[in-house]
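Q:
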Amino acid sequence: MRITVNGANLSLDLRDGGSLGELLADADALLEKAGSVIVSMKIDGEEVDADGYAHFAEKSVASIKSIEILTEDSGAIRIRAIETLLELLAIAKRSSEDGAVGDWTGLRKGANDMRDAFAGLFSADELSFVQLFAQIVDHAGDEPDRASRVEISAQTDRLSSVFSERLSELLSPVGEMRTAATLFETRASELADLPVLLQTGKEDQAMKAVLFFIEIFNKVIRIIPELRRSGVDTTSISVDGLGMPEFYGAFNGVLRELTEAFEHTDAVLIGDLAEYEVLPRMRNFFLAMKEALPES
Numbered sequence: 021m022r023i024t025v026n027g028a029n030l031s032l033d034l035r036d037g038g039s040l041g042e043l044l045a046d047a048d049a050l051l052e053k054a055g056s057v058i059v060s061m062k063i064d065g066e067e068v069d070a071d072g073y074a075h076f077a078e079k080s081v082a083s084i085k086s087i088e089i090l091t092e093d094s095g096a097i098r099i100r101a102i103e104t105l106l107e108l109l110a111i112a113k114r115s116s117e118d119g120a121v122g123d124w125t126g127l128r129k130g131a132n133d134m135r136d137a138f139a140g141l142f143s144a145d146e147l148s149f150v151q152l153f154a155q156i157v158d159h160a161g162d163e164p165d166r167a168s169r170v171e172i173s174a175q176t177d178r179l180s181s182v183f184s185e186r187l188s189e190l191l192s193p194v195g196e197m198r199t200a201a202t203l204f205e206t207r208a209s210e211l212a213d214l215p216v217l218l219q220t221g222k223e224d225q226a227m228k229a230v231l232f233f234i235e236i237f238n239k240v241i242r243i244i245p246e247l248r249r250s251g252v253d254t255t256s257i258s259v260d261g262l263g264m265p266e267f268y269g270a271f272n273g274v275l276r277e278l279t280e281a282f283e284h285t286d287a288v289l290i291g292d293l294a295e296y297e298v299l300p301r302m303r304n305f306f307l308a309m310k311e312a313l314p315e316s
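Numbers 21 to 316, taken from this note's numbering, label the letters of the sequence shown in order.
And the structure:
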């Protein structure tokens, strides 16, 4: 059997007596690991769509002569998906204005198609946002009342902000990593102030500060794979003598301790963790990033 991907031969171990479905699952996993997504396929010269896949999946590998696979870079597809979503959000925002006449049927279809067709390209939190958008547009119906329009307007503002940031992370990971470093340094002193905020009854303000730094950490985790795709050698980056995976694991442990300390309102432990664990680790992380990133 000859297997090609974008015209180039692909070498796969063929299992004796294995099914075509098993072989294609192996190919898909290999291509996904390489950052590619299968967009079309021909088996023995016949174009295979989603509906026809089941017919071929059960066939024996030995009965197939050729498989032609076309792929695209998953990052490029993800960019297009987010750009399309932002366009839908902008249309929903305009349609929700007082007196506006929107194509709510078209919006519903677009939102549901986005939710279903691109689910695998979104992270869990992103998919929950897309599902929320589809849900509120579905709920609005063909003639949304004022309350529905207000909700749609508010949610589209929120989701546009989230996905505009995610798009920037894909298009300019180096710039977004520098943005994250600036955000951290601008508010780093808040970590040292956590015990004082707790002792003066400002628990909500303290928790907001913690969530802010957790979000920065989540942001840099999202950016690291995009840096790798852009040519930055992230495998050689070391923070406190640890590679990136080990650093993530250790830092996540610290953040869990900090969360538990908040649950028990342990101001002393919160202060110690913030000053001696979170602050120096994040500072050292961004110093390592600064050395690894190309000159601006």
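For glycine and all other residues, C-beta sits at the position ideal for the given N, C-alpha and C.
#1: When burial is assigned at 16 or more other CB atoms within 10 Å of the CB, is Val-59 buried or exposed?
#2: Our contact map puts Leu-179 next to Leu-231 with C-beta atoms below 8 Å; I'd like the distance itself, whole angstroms only.
#3: Helix, strand or coil: which one does DSSP assign to Glu-78?
#4: Indicate the three-state DSSP secondary structure (helix, strand or coil) for Glu-92 in the structure shown.
#5: Quick one: complete alpha helix (DSSP H) runs, 4+ long, within the stretch 258-283?
#6: State the DSSP-derived secondary structure class of Asn-29, mapped to helix, strand or coil.
#7: Please report the Cβ distance between Arg-186 and Ile-102, rounded to the nearest whole angstrom; I am assuming they are in contact, meaning their Cβ atoms lie under 8 Å.
#8: At what residues does the beta strand (DSSP E) containing Ser-209 begin and finish?
#9: Could you check how far apart the C-beta atoms of Ile-290 and Leu-190 are, in whole angstroms? I think they sit under 8 Å.
#10: Alpha carbons only, please: which of Asp-48, Phe-267, Met-21 is nearest the one belonging to Phe-305?
#11: Output the distance between the C-alpha atoms of Leu-293 and Ala-226, rounded to the nearest integer angstrom.
#12: For the candidate residues Thr-279, Leu-247, Ala-270, whose alpha-carbon lies nearest to that of Ala-312?
#13: Thr-91 and Asn-26 - do their beta-carbons sit closer together than 8 Å?
A: Well, looking at it:
#1: Its Cβ having fewer than 16 others within 10 Å, Val-59 is exposed.
#2: Taking 8 Å as the upper bound for CB-CB distance, Leu-179 and Leu-231 are not in contact here, some 19 Å apart.
#3: It is coil, neither helix nor strand.
#4: Strand at Glu-92.
#5: Taking only runs of at least 4 residues, the alpha helix (DSSP H) segments lying wholly in the stretch 258-283 are 264-283.
#6: Asn-29: strand per DSSP, three-state reduction.
#7: About 6 Å separates the two Cβ atoms, so the contact holds.
#8: From DSSP, Ser-209 is part of no beta strand (DSSP E) but of the alpha helix (DSSP H) over 209-212.
#9: A Cβ-Cβ distance of about 35 Å is found for the pair Ile-290 and Leu-190, leaving them out of contact under the 8 Å criterion.
#10: Nearest option by C-alpha distance: Phe-267.
#11: Using only the alpha carbons, I get a separation of about 14 Å.
#12: Nearest to Ala-312 by C-alpha distance, out of Thr-279, Leu-247, Ala-270, is Leu-247.
#13: Result yes, Cβ atoms of Asn-26 and Thr-91 sit closer than 8 Å.
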